[in-house]
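Student: Residue numbers (the working numbering): 7 to 489. Glycine included, C-beta positions come from ideal geometry on N, C-alpha and C.
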(Lines of atoms letter the chains of each structure in order from A; the text may use other names.)
(Lines give C-alpha, C1' and ligand atoms only; values in the text may rest on other atoms or scores of the structure.)
Protein backbone atom coordinates (compact mmCIF):
# COMPACT_ATOMS: atom_id res chain seq x y z
CA UNK A 7 0.00 0.00 0.00
CA UNK A 8 2.86 2.39 0.87
CA UNK A 9 4.41 1.69 -2.53
CA UNK A 10 1.15 2.72 -4.28
CA UNK A 11 0.91 5.92 -2.21
CA UNK A 12 4.55 6.81 -2.97
CA UNK A 13 3.96 6.10 -6.69
CA UNK A 14 0.91 8.40 -6.74
CA UNK A 15 2.86 11.15 -4.98
CA UNK A 16 5.77 10.74 -7.39
CA UNK A 17 3.56 11.15 -10.46
CA UNK A 18 1.65 13.99 -8.80
CA UNK A 19 4.88 15.93 -8.18
CA UNK A 20 6.15 15.11 -11.67
CA UNK A 21 3.01 16.47 -13.34
CA UNK A 22 2.00 19.31 -11.02
CA UNK A 23 5.24 20.23 -9.26
CA UNK A 24 7.75 22.76 -10.61
CA UNK A 25 10.20 21.23 -13.08
CA UNK A 26 12.31 24.36 -12.98
CA UNK A 27 12.08 27.96 -11.81
CA UNK A 28 12.75 31.07 -13.87
CA UNK A 29 14.40 33.62 -11.54
CA UNK A 30 13.06 37.20 -11.49
CA UNK A 31 15.03 40.42 -10.91
CA UNK A 32 12.99 41.44 -7.86
CA UNK A 33 13.55 38.09 -6.17
CA UNK A 34 11.49 34.89 -6.27
CA UNK A 35 10.72 33.26 -9.60
CA UNK A 36 8.18 31.63 -11.89
CA UNK A 37 7.83 27.89 -11.29
CA UNK A 38 7.09 25.93 -14.47
CA UNK A 39 5.32 22.57 -14.16
CA UNK A 40 5.23 19.86 -16.82
CA UNK A 41 1.54 20.44 -17.50
CA UNK A 42 1.98 24.20 -17.91
CA UNK A 43 4.88 23.43 -20.26
CA UNK A 44 2.51 21.29 -22.36
CA UNK A 45 -0.63 23.43 -22.26
CA UNK A 46 0.54 27.04 -22.63
CA UNK A 47 2.65 26.57 -25.80
CA UNK A 48 -0.13 24.42 -27.30
CA UNK A 49 -2.72 27.10 -26.56
CA UNK A 50 -0.52 29.82 -28.07
CA UNK A 51 0.22 27.69 -31.16
CA UNK A 52 -3.45 26.96 -31.93
CA UNK A 53 -4.49 30.54 -31.10
CA UNK A 54 -2.09 31.73 -33.79
CA UNK A 55 -3.21 29.03 -36.24
CA UNK A 56 -6.91 29.89 -35.70
CA UNK A 57 -6.18 33.66 -35.80
CA UNK A 58 -7.58 34.38 -32.34
CA UNK A 59 -10.64 32.16 -32.66
CA UNK A 60 -12.41 33.22 -29.44
CA UNK A 61 -12.52 36.92 -30.37
CA UNK A 62 -12.79 36.58 -34.14
CA UNK A 63 -15.64 34.06 -34.18
CA UNK A 64 -17.39 34.92 -30.91
CA UNK A 65 -20.62 36.13 -32.64
CA UNK A 66 -20.73 32.86 -34.60
CA UNK A 67 -20.38 30.86 -31.37
CA UNK A 68 -23.39 32.64 -29.90
CA UNK A 69 -25.40 32.10 -33.10
CA UNK A 70 -24.84 28.34 -33.30
CA UNK A 71 -25.45 27.83 -29.57
CA UNK A 72 -29.15 28.31 -30.31
CA UNK A 73 -29.33 25.72 -33.09
CA UNK A 74 -31.27 22.52 -32.56
CA UNK A 75 -30.08 19.08 -33.60
CA UNK A 76 -30.66 17.97 -37.17
CA UNK A 77 -33.32 15.38 -36.28
CA UNK A 78 -35.63 15.83 -33.25
CA UNK A 79 -36.12 12.04 -33.12
CA UNK A 80 -32.39 11.27 -32.98
CA UNK A 81 -30.89 9.89 -29.75
CA UNK A 82 -27.71 11.88 -30.43
CA UNK A 83 -27.09 15.13 -28.57
CA UNK A 84 -27.54 18.53 -30.16
CA UNK A 85 -24.47 20.77 -30.25
CA UNK A 86 -25.99 22.81 -27.42
CA UNK A 87 -26.59 19.69 -25.30
CA UNK A 88 -22.95 18.64 -25.76
CA UNK A 89 -22.00 22.14 -24.60
CA UNK A 90 -24.23 21.68 -21.54
CA UNK A 91 -22.62 18.33 -20.63
CA UNK A 92 -19.08 19.69 -20.98
CA UNK A 93 -20.00 22.89 -19.11
CA UNK A 94 -21.37 20.72 -16.28
CA UNK A 95 -17.86 19.38 -15.62
CA UNK A 96 -15.98 22.58 -16.40
CA UNK A 97 -18.21 24.61 -14.08
CA UNK A 98 -17.44 22.88 -10.82
CA UNK A 99 -15.36 23.27 -7.68
CA UNK A 100 -12.56 24.85 -9.73
CA UNK A 101 -14.82 27.85 -10.25
CA UNK A 102 -15.31 28.21 -6.50
CA UNK A 103 -12.46 26.93 -4.32
CA UNK A 104 -9.98 26.97 -7.25
CA UNK A 105 -10.55 30.68 -7.85
CA UNK A 106 -10.37 31.36 -4.11
CA UNK A 107 -6.95 29.67 -4.03
CA UNK A 108 -5.74 31.63 -7.07
CA UNK A 109 -6.75 35.00 -5.59
CA UNK A 110 -5.53 34.08 -2.09
CA UNK A 111 -2.07 33.06 -3.32
CA UNK A 112 -1.69 35.28 -6.36
CA UNK A 113 -3.77 38.34 -5.53
CA UNK A 114 -6.10 40.21 -7.88
CA UNK A 115 -3.59 39.94 -10.73
CA UNK A 116 -4.15 36.18 -10.93
CA UNK A 117 -7.60 36.93 -12.40
CA UNK A 118 -6.03 38.60 -15.45
CA UNK A 119 -3.86 35.55 -16.15
CA UNK A 120 -6.91 33.32 -15.84
CA UNK A 121 -8.51 35.41 -18.60
CA UNK A 122 -5.41 35.08 -20.78
CA UNK A 123 -5.43 31.31 -20.21
CA UNK A 124 -9.07 31.12 -21.31
CA UNK A 125 -8.30 33.11 -24.45
CA UNK A 126 -5.55 30.74 -25.61
CA UNK A 127 -7.21 27.62 -24.15
CA UNK A 128 -10.35 28.16 -26.23
CA UNK A 129 -8.38 27.40 -29.40
CA UNK A 130 -7.11 24.13 -27.93
CA UNK A 131 -10.69 23.28 -26.91
CA UNK A 132 -11.82 23.93 -30.48
CA UNK A 133 -9.19 21.59 -31.96
CA UNK A 134 -9.80 18.64 -29.63
CA UNK A 135 -13.60 18.90 -29.87
CA UNK A 136 -13.55 19.09 -33.68
CA UNK A 137 -11.25 16.06 -33.85
CA UNK A 138 -13.72 14.19 -31.62
CA UNK A 139 -16.49 15.01 -34.11
CA UNK A 140 -14.41 13.95 -37.10
CA UNK A 141 -13.58 10.57 -35.52
CA UNK A 142 -16.79 9.71 -33.65
CA UNK A 143 -18.50 6.29 -33.83
CA UNK A 144 -22.09 5.09 -33.61
CA UNK A 145 -22.97 4.12 -30.04
CA UNK A 146 -24.69 0.70 -30.18
CA UNK A 147 -25.51 0.70 -26.46
CA UNK A 148 -27.03 4.12 -25.75
CA UNK A 149 -27.77 5.25 -29.29
CA UNK A 150 -26.33 8.37 -30.90
CA UNK A 151 -22.55 8.67 -31.01
CA UNK A 152 -19.48 8.08 -28.85
CA UNK A 153 -15.88 9.21 -29.15
CA UNK A 154 -13.14 11.36 -27.72
CA UNK A 155 -9.34 11.30 -27.62
CA UNK A 156 -9.13 7.51 -27.25
CA UNK A 157 -10.88 7.18 -30.62
CA UNK A 158 -9.00 9.80 -32.58
CA UNK A 159 -5.68 8.56 -31.13
CA UNK A 160 -6.68 5.05 -32.29
CA UNK A 161 -7.50 6.29 -35.80
CA UNK A 162 -4.22 8.18 -36.04
CA UNK A 163 -2.23 5.09 -35.07
CA UNK A 164 -4.08 3.03 -37.69
CA UNK A 165 -3.25 5.70 -40.26
CA UNK A 166 0.45 5.63 -39.33
CA UNK A 167 0.63 1.82 -39.31
CA UNK A 168 -1.52 1.62 -42.46
CA UNK A 169 -3.51 -1.33 -41.09
CA UNK A 170 -6.40 -1.94 -38.66
CA UNK A 171 -5.46 -2.47 -35.01
CA UNK A 172 -7.49 -3.86 -32.12
CA UNK A 173 -6.26 -1.38 -29.54
CA UNK A 174 -3.83 1.53 -29.43
CA UNK A 175 -1.56 1.57 -26.36
CA UNK A 176 -1.64 5.39 -26.21
CA UNK A 177 -5.44 5.45 -26.66
CA UNK A 178 -5.89 2.82 -23.94
CA UNK A 179 -3.55 4.79 -21.65
CA UNK A 180 -5.70 7.89 -22.18
CA UNK A 181 -8.93 5.97 -21.49
CA UNK A 182 -7.55 4.43 -18.29
CA UNK A 183 -6.23 7.82 -17.11
CA UNK A 184 -9.68 9.32 -17.66
CA UNK A 185 -11.41 6.62 -15.64
CA UNK A 186 -8.89 7.06 -12.81
CA UNK A 187 -9.40 10.82 -12.84
CA UNK A 188 -13.20 10.67 -12.79
CA UNK A 189 -13.06 7.96 -10.13
CA UNK A 190 -11.11 10.32 -7.85
CA UNK A 191 -13.34 13.30 -8.68
CA UNK A 192 -16.35 11.37 -7.38
CA UNK A 193 -14.83 11.35 -3.89
CA UNK A 194 -13.94 15.04 -4.02
CA UNK A 195 -17.53 15.87 -4.98
CA UNK A 196 -19.02 13.91 -2.08
CA UNK A 197 -16.68 15.61 0.38
CA UNK A 198 -17.35 19.13 -0.95
CA UNK A 199 -21.14 18.78 -0.77
CA UNK A 200 -21.23 17.25 2.72
CA UNK A 201 -18.89 19.95 4.07
CA UNK A 202 -20.92 22.78 2.53
CA UNK A 203 -24.21 21.41 3.93
CA UNK A 204 -22.71 20.93 7.37
CA UNK A 205 -21.44 24.54 7.44
CA UNK A 206 -24.71 26.00 6.18
CA UNK A 207 -27.39 23.78 7.71
CA UNK A 208 -25.52 21.59 10.26
CA UNK A 209 -26.80 18.49 8.49
CA UNK A 210 -24.69 15.44 9.47
CA UNK A 211 -22.50 14.27 6.55
CA UNK A 212 -24.06 10.78 6.58
CA UNK A 213 -27.52 12.17 5.75
CA UNK A 214 -26.25 14.51 3.03
CA UNK A 215 -24.14 11.74 1.52
CA UNK A 216 -26.93 9.17 1.50
CA UNK A 217 -29.32 11.61 -0.15
CA UNK A 218 -26.69 12.57 -2.74
CA UNK A 219 -25.89 8.95 -3.63
CA UNK A 220 -29.57 7.96 -3.89
CA UNK A 221 -30.38 10.93 -6.13
CA UNK A 222 -27.36 10.22 -8.34
CA UNK A 223 -28.23 6.52 -8.58
CA UNK A 224 -31.82 7.25 -9.67
CA UNK A 225 -30.67 9.60 -12.44
CA UNK A 226 -27.96 7.18 -13.62
CA UNK A 227 -30.40 4.26 -13.78
CA UNK A 228 -33.10 6.07 -15.77
CA UNK A 229 -32.47 6.07 -19.55
CA UNK A 230 -31.37 9.45 -20.93
CA UNK A 231 -31.99 11.06 -17.52
CA UNK A 232 -28.38 12.28 -17.22
CA UNK A 233 -28.60 14.66 -20.19
CA UNK A 234 -32.13 15.78 -19.24
CA UNK A 235 -31.00 16.56 -15.69
CA UNK A 236 -27.98 18.51 -16.94
CA UNK A 237 -30.18 20.40 -19.43
CA UNK A 238 -32.02 21.82 -16.40
CA UNK A 239 -29.28 22.10 -13.75
CA UNK A 240 -26.46 23.71 -15.74
CA UNK A 241 -28.26 26.70 -17.32
CA UNK A 242 -30.18 27.37 -14.10
CA UNK A 243 -27.15 27.22 -11.78
CA UNK A 244 -24.95 29.31 -14.11
CA UNK A 245 -27.69 31.92 -14.61
CA UNK A 246 -28.51 32.23 -10.89
CA UNK A 247 -24.83 32.49 -9.93
CA UNK A 248 -24.31 35.16 -12.60
CA UNK A 249 -27.41 37.13 -11.53
CA UNK A 250 -26.41 37.06 -7.85
CA UNK A 251 -22.96 38.34 -8.83
CA UNK A 252 -24.53 41.16 -10.88
CA UNK A 253 -26.64 42.14 -7.84
CA UNK A 254 -23.53 42.22 -5.63
CA UNK A 255 -21.63 44.25 -8.24
CA UNK A 256 -24.55 46.68 -8.56
CA UNK A 257 -24.65 47.20 -4.79
CA UNK A 258 -20.89 47.92 -4.90
CA UNK A 259 -20.83 49.77 -8.22
CA UNK A 260 -18.51 52.53 -6.98
CA UNK A 261 -15.79 49.96 -6.16
CA UNK A 262 -15.78 48.28 -9.59
CA UNK A 263 -13.26 50.67 -11.26
CA UNK A 264 -10.86 50.07 -8.36
CA UNK A 265 -11.27 46.28 -8.74
CA UNK A 266 -10.28 46.44 -12.41
CA UNK A 267 -7.34 48.74 -11.59
CA UNK A 268 -6.12 46.18 -9.03
CA UNK A 269 -6.48 43.29 -11.47
CA UNK A 270 -4.45 44.97 -14.23
CA UNK A 271 -1.89 46.62 -11.93
CA UNK A 272 -1.16 43.42 -10.01
CA UNK A 273 -1.25 41.23 -13.13
CA UNK A 274 2.14 42.52 -14.21
CA UNK A 275 3.53 42.64 -10.71
CA UNK A 276 3.89 46.42 -10.47
CA UNK A 277 3.37 46.05 -6.75
CA UNK A 278 4.45 42.41 -6.33
CA UNK A 279 7.71 42.56 -8.34
CA UNK A 280 9.47 44.38 -5.53
CA UNK A 281 8.62 41.61 -3.11
CA UNK A 282 9.36 38.88 -5.65
CA UNK A 283 5.71 37.83 -5.86
CA UNK A 284 5.12 38.16 -9.60
CA UNK A 285 5.73 34.45 -10.13
CA UNK A 286 2.91 33.60 -7.70
CA UNK A 287 0.57 36.04 -9.45
CA UNK A 288 1.30 34.64 -12.91
CA UNK A 289 1.42 30.92 -12.18
CA UNK A 290 -1.57 30.80 -9.83
CA UNK A 291 -3.71 32.52 -12.45
CA UNK A 292 -2.41 30.27 -15.23
CA UNK A 293 -2.70 27.00 -13.31
CA UNK A 294 -6.19 27.66 -11.96
CA UNK A 295 -7.37 28.82 -15.37
CA UNK A 296 -5.98 25.77 -17.14
CA UNK A 297 -7.51 23.25 -14.81
CA UNK A 298 -10.83 24.99 -14.37
CA UNK A 299 -11.73 25.16 -18.07
CA UNK A 300 -10.07 21.76 -18.83
CA UNK A 301 -8.98 22.90 -22.31
CA UNK A 302 -6.46 20.34 -23.58
CA UNK A 303 -7.23 17.66 -20.99
CA UNK A 304 -9.32 15.65 -23.46
CA UNK A 305 -12.38 15.35 -21.22
CA UNK A 306 -14.82 17.69 -23.01
CA UNK A 307 -14.27 15.97 -26.41
CA UNK A 308 -16.05 12.92 -24.96
CA UNK A 309 -19.22 15.05 -24.93
CA UNK A 310 -18.39 16.83 -28.19
CA UNK A 311 -18.25 13.50 -30.02
CA UNK A 312 -21.83 12.70 -28.97
CA UNK A 313 -23.27 15.75 -30.75
CA UNK A 314 -25.18 15.56 -34.02
CA UNK A 315 -24.35 18.44 -36.34
CA UNK A 316 -24.14 19.34 -40.02
CA UNK A 317 -20.51 20.46 -39.64
CA UNK A 318 -17.81 19.28 -37.17
CA UNK A 319 -16.38 22.80 -36.72
CA UNK A 320 -19.67 23.95 -35.15
CA UNK A 321 -19.18 21.62 -32.18
CA UNK A 322 -15.57 22.78 -31.86
CA UNK A 323 -16.70 26.40 -31.74
CA UNK A 324 -19.30 25.57 -29.09
CA UNK A 325 -16.65 23.93 -26.91
CA UNK A 326 -14.43 27.00 -27.31
CA UNK A 327 -17.44 29.03 -26.16
CA UNK A 328 -17.67 26.70 -23.14
CA UNK A 329 -14.18 27.79 -22.06
CA UNK A 330 -15.36 31.41 -22.21
CA UNK A 331 -18.42 30.60 -20.07
CA UNK A 332 -16.32 28.75 -17.51
CA UNK A 333 -13.42 31.13 -17.02
CA UNK A 334 -14.38 34.58 -18.30
CA UNK A 335 -17.91 34.44 -16.84
CA UNK A 336 -18.21 32.02 -13.90
CA UNK A 337 -14.64 32.23 -12.54
CA UNK A 338 -14.77 36.03 -12.82
CA UNK A 339 -18.00 36.03 -10.78
CA UNK A 340 -16.23 34.27 -7.90
CA UNK A 341 -13.18 36.54 -8.22
CA UNK A 342 -15.24 39.76 -8.07
CA UNK A 343 -17.18 38.51 -5.04
CA UNK A 344 -13.86 37.87 -3.25
CA UNK A 345 -12.17 41.12 -4.32
CA UNK A 346 -15.10 43.15 -2.97
CA UNK A 347 -14.52 41.65 0.49
CA UNK A 348 -12.50 44.00 2.77
CA UNK A 349 -9.03 42.59 3.50
CA UNK A 350 -9.62 42.82 7.24
CA UNK A 351 -12.49 40.33 6.97
CA UNK A 352 -10.44 37.90 4.83
CA UNK A 353 -7.48 37.55 7.20
CA UNK A 354 -6.70 33.97 8.19
CA UNK A 355 -9.38 32.48 5.90
CA UNK A 356 -8.92 30.28 2.87
CA UNK A 357 -10.81 27.84 0.66
CA UNK A 358 -14.54 27.38 1.19
CA UNK A 359 -14.41 29.32 4.49
CA UNK A 360 -13.16 32.43 2.65
CA UNK A 361 -15.82 32.14 -0.04
CA UNK A 362 -18.58 31.69 2.54
CA UNK A 363 -17.25 34.69 4.48
CA UNK A 364 -17.39 36.79 1.30
CA UNK A 365 -20.97 35.75 0.55
CA UNK A 366 -21.95 36.31 4.16
CA UNK A 367 -20.49 39.83 4.00
CA UNK A 368 -22.48 40.62 0.84
CA UNK A 369 -25.75 38.79 1.54
CA UNK A 370 -25.72 37.87 5.24
CA UNK A 371 -26.75 34.34 6.31
CA UNK A 372 -28.52 33.92 2.97
CA UNK A 373 -25.11 34.11 1.30
CA UNK A 374 -23.84 31.06 3.20
CA UNK A 375 -26.98 29.11 2.26
CA UNK A 376 -26.64 30.24 -1.36
CA UNK A 377 -23.04 28.99 -1.57
CA UNK A 378 -24.02 25.63 -0.05
CA UNK A 379 -26.72 25.16 -2.71
CA UNK A 380 -24.33 26.38 -5.42
CA UNK A 381 -21.68 23.87 -4.31
CA UNK A 382 -24.30 21.11 -4.45
CA UNK A 383 -25.46 22.04 -7.97
CA UNK A 384 -21.93 22.60 -9.33
CA UNK A 385 -20.65 19.36 -7.79
CA UNK A 386 -23.65 17.20 -8.64
CA UNK A 387 -23.65 18.32 -12.27
CA UNK A 388 -19.92 17.57 -12.44
CA UNK A 389 -20.54 14.02 -11.16
CA UNK A 390 -23.20 13.37 -13.81
CA UNK A 391 -20.99 14.94 -16.47
CA UNK A 392 -17.89 12.89 -15.75
CA UNK A 393 -19.88 9.66 -15.76
CA UNK A 394 -21.22 10.67 -19.17
CA UNK A 395 -17.61 11.14 -20.28
CA UNK A 396 -16.70 7.72 -18.89
CA UNK A 397 -19.14 5.96 -21.24
CA UNK A 398 -16.94 6.25 -24.33
CA UNK A 399 -13.71 5.39 -22.51
CA UNK A 400 -15.25 2.27 -20.97
CA UNK A 401 -16.59 1.28 -24.39
CA UNK A 402 -13.14 1.69 -25.94
CA UNK A 403 -11.47 -0.50 -23.29
CA UNK A 404 -14.12 -3.16 -22.71
CA UNK A 405 -16.53 -2.90 -25.64
CA UNK A 406 -20.10 -1.60 -25.64
CA UNK A 407 -21.85 -3.62 -22.93
CA UNK A 408 -24.03 -2.82 -19.94
CA UNK A 409 -21.95 -4.88 -17.49
CA UNK A 410 -18.77 -2.77 -17.68
CA UNK A 411 -20.80 0.47 -17.70
CA UNK A 412 -22.78 -0.61 -14.63
CA UNK A 413 -19.68 -1.72 -12.70
CA UNK A 414 -18.00 1.65 -13.23
CA UNK A 415 -21.14 3.56 -12.21
CA UNK A 416 -21.36 1.44 -9.07
CA UNK A 417 -17.73 2.10 -8.14
CA UNK A 418 -18.20 5.84 -8.75
CA UNK A 419 -21.25 5.87 -6.43
CA UNK A 420 -19.20 4.06 -3.75
CA UNK A 421 -16.48 6.70 -4.05
CA UNK A 422 -19.12 9.42 -3.85
CA UNK A 423 -20.35 7.86 -0.59
CA UNK A 424 -16.85 7.45 0.89
CA UNK A 425 -15.92 11.02 -0.02
CA UNK A 426 -18.99 12.38 1.72
CA UNK A 427 -17.86 10.88 5.02
CA UNK A 428 -14.11 11.44 4.90
CA UNK A 429 -11.45 13.00 2.68
CA UNK A 430 -8.51 10.83 1.65
CA UNK A 431 -5.73 13.00 0.20
CA UNK A 432 -4.26 10.06 -1.74
CA UNK A 433 -7.45 9.63 -3.75
CA UNK A 434 -7.60 13.38 -4.42
CA UNK A 435 -4.00 13.22 -5.70
CA UNK A 436 -4.95 10.19 -7.80
CA UNK A 437 -7.62 12.27 -9.54
CA UNK A 438 -5.06 15.00 -10.25
CA UNK A 439 -2.62 12.42 -11.62
CA UNK A 440 -5.39 11.06 -13.86
CA UNK A 441 -6.21 14.43 -15.42
CA UNK A 442 -2.51 15.22 -15.77
CA UNK A 443 -1.82 12.02 -17.70
CA UNK A 444 -4.93 12.57 -19.84
CA UNK A 445 -3.64 16.00 -20.77
CA UNK A 446 -0.20 14.77 -21.80
CA UNK A 447 -1.53 11.86 -23.89
CA UNK A 448 -4.04 14.20 -25.55
CA UNK A 449 -1.64 17.09 -26.25
CA UNK A 450 0.91 14.72 -27.81
CA UNK A 451 -1.59 13.79 -30.51
CA UNK A 452 -3.09 17.27 -31.10
CA UNK A 453 -0.01 18.54 -32.93
CA UNK A 454 0.09 15.88 -35.68
CA UNK A 455 -3.73 15.72 -35.96
CA UNK A 456 -4.49 19.42 -35.48
CA UNK A 457 -4.42 20.14 -39.23
CA UNK A 458 -7.68 18.19 -39.64
CA UNK A 459 -9.47 20.55 -37.23
CA UNK A 460 -7.85 23.64 -38.78
CA UNK A 461 -8.92 22.51 -42.28
CA UNK A 462 -12.44 21.95 -40.97
CA UNK A 463 -12.50 25.54 -39.64
CA UNK A 464 -11.42 26.92 -43.02
CA UNK A 465 -14.14 24.90 -44.79
CA UNK A 466 -16.78 26.09 -42.32
CA UNK A 467 -15.77 29.74 -42.63
CA UNK A 468 -15.89 29.47 -46.44
CA UNK A 469 -19.30 27.78 -46.20
CA UNK A 470 -20.64 30.57 -43.95
CA UNK A 471 -19.20 33.22 -46.27
CA UNK A 472 -21.04 31.70 -49.23
CA UNK A 473 -24.23 31.42 -47.15
CA UNK A 474 -24.12 35.12 -46.25
CA UNK A 475 -23.38 36.06 -49.86
CA UNK A 476 -26.36 34.02 -51.10
CA UNK A 477 -28.60 35.59 -48.45
CA UNK A 478 -27.61 39.10 -49.55
CA UNK A 479 -28.22 38.23 -53.18
CA UNK A 480 -31.67 36.86 -52.30
CA UNK A 481 -32.61 40.07 -50.45
CA UNK A 482 -31.36 42.15 -53.39
CA UNK A 483 -33.62 40.21 -55.81
CA UNK A 484 -36.85 40.89 -53.85
CA UNK A 485 -37.21 44.63 -54.65
CA UNK A 486 -36.40 43.94 -58.31
CA UNK A 487 -39.10 41.26 -58.54
CA UNK A 488 -41.74 43.69 -57.13
CA UNK A 489 -40.96 46.20 -59.89
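(1) Would you list, in sequence order, the uninterrupted alpha helix (DSSP H) runs of no fewer than 4 residues that lie entirely inside the region 341–427?
(2) Counting along the chain, where does the alpha helix (DSSP H) carrying residue 333 start and finish?
(3) Classify residue 439 as buried or exposed, calling it buried when 16 or more other Cβ atoms lie within 10 Å of its own Cβ.
(4) Should residue 142 be labelled buried (16 or more other beta-carbon atoms within 10 Å of its own) or exposed?
(5) Please classify residue 148 as buried or exposed, where buried requires at least 16 neighbouring CB atoms within 10 angstroms.
(6) Please classify residue 256: is it buried, with 16 or more other beta-carbons within 10 angstroms of its beta-carbon, or exposed?
(7) Apart from the five residues just before and just after residue 174, which ones in its own chain have a Cβ nearer than 7 Å to its Cβ?
(8) Go through its chain and collect everything with a Cβ distance to residue 188's Cβ below 6 Å, but skip five positions before and after it.
(9) Please go through the same chain and pick out, in chain order, the residues whose beta-carbon is closer than 7 Å to the beta-carbon of residue 410, but skip the five residues on each side of it.
(10) Short check: CB of residue 442 to CB of residue 191, under 8 Å?
(11) Looking only at its chain, what residues have a beta carbon closer than 6 Å to the beta carbon of residue 200, apart from the 5 residues adjacent to it on each side?
(12) Please go through the same chain and pick out, in chain order, the residues whose beta-carbon is closer than 8 Å to the beta-carbon of residue 408, but skip the five residues on each side of it.
(13) So, at 7 Å on beta carbons, what are the nonlocal neighbours of residue 105 in its own chain, with the 5 sequence-adjacent residues on each side left out?
(14) Is the region 369–383 touching the region 114–129, taking contact as three or more C-beta pairs under 8 Å?
(15) Tell me which same chain residues have a C-beta within less than 8 Å of the C-beta of residue 514, skipping the five on either side of it?
(16) Are the Cβ atoms of residue 482 and residue 334 separated by less than 8 Å?
(17) Please report the straight-line C-alpha distance between residue 151 and residue 180, rounded to a whole angstrom.
(18) Taking 7 Å as the cut-off, is the CB of residue 134 close to at least one heavy atom of the ligand ADP?
(19) Taking the Cβ atom as the reference point for each residue, do residue 133 and residue 390 lie within a distance shorter than 8 Å?
(20) Assuming the contact rule is C-beta atoms closer than 8 Å, residue 27 and residue 36 should be a hit. Round their C-beta distance to whole Å, please.
(21) Relative to the C-alpha of residue 471, which residue among 63, 39 and 54 is closest?
(22) When DSSP labels each residue in this structure, what does residue 71 get in the three-state scheme?
(23) Taking the CB atoms as reference points, tell me whether residue 343 and residue 251 lie closer together than 8 Å.
(24) Does the Cβ of residue 61 have 16 or more other Cβ atoms within 10 Å, making it buried, or fewer, making it exposed?
(25) Which same chain residues, not among the five before or five after residue 406, have their C-beta less than 6 Å away from its C-beta?
(26) Going by Cα to Cα distance, which pick from 140, 224 and 247 is closest to residue 383?
(27) Mark residue 165 as exposed unless 16 or more other C-beta atoms lie within 10 angstroms of its C-beta, in which case mark it buried.
(28) Under 8 Å by Cβ, that's how I've got residue 157 and residue 402 pegged, so tell me the actual separation to the nearest angstrom.
(29) Out of 479, 456, 420 and 435, which one is the CA nearest neighbour of residue 13?
(30) What ranges does the alpha helix (DSSP H) occupy inside the region 153–215, keeping only unbroken runs of at least 4 residues that lie completely in it?
(31) On the DSSP bridge assignment, give the partners of residue 4 in chain order.
(32) In the DSSP assignment, the alpha helix (DSSP H) including residue 261 goes from what residue to what residue?
(33) Would you tell me roughly how many angstroms separate the C-alpha atoms of residue 466 and residue 322, rounded to the nearest one?
(34) Taking 8 Å as the cut-off, decide whether the C-beta atoms of residue 183 and residue 319 are in contact.
(35) Can you grab the Cα-Cα spacing for the pair residue 118 / residue 264, in whole Å?
Tutor: According to the structure shown:
(1) 349–352, 357–369, 371–404 and 408–427
(2) No alpha helix (DSSP H) contains residue 333, which DSSP labels as neither H nor E.
(3) buried
(4) buried
(5) Buried is the call here.
(6) exposed
(7) 159, 160 and 163
(8) 392 and 396
(9) 400 and 404
(10) no
(11) 211, 214, 215 and 426
(12) Spatial neighbours of residue 408 in its own chain (CB-CB distance under 8 Å, excluding positions within 5 residues in sequence) are listed in chain order as 147.
(13) 294, 337, 340 and 341
(14) no
(15) What is shown of the chain runs 7 to 489, which leaves residue 514 out entirely.
(16) Using a Cβ distance threshold of 8 Å, residue 482 and residue 334 do not count as a contacting pair.
(17) 19 Å
(18) As for the ligand ADP, it is missing from this structure, which has no ligand bound.
(19) no
(20) 7 Å
(21) In terms of CA proximity to residue 471, 63 leads the group 63, 39 and 54.
(22) coil
(23) yes
(24) With a threshold of 16 other beta carbon atoms within 10 Å, residue 61 falls short and is exposed.
(25) 146 and 147
(26) 247
(27) Result: exposed.
(28) 7 Å between Cβ atoms; contact.
(29) 435
(30) Taken in chain order, the unbroken stretches of alpha helix (DSSP H) that lie wholly in the region 153–215 and span 4 residues or more are 155–167 and 175–207.
(31) For the chain, the structure presents residues 7 to 489; residue 4 sits outside this window and is missing.
(32) Run containing residue 261: none; DSSP gives neither H nor E here.
(33) Spanning the two alpha carbons is a distance of roughly 11 Å.
(34) Their beta carbons are not under 8 Å apart, which means residue 183 does not touch residue 319 by this criterion.
(35) 14 Å
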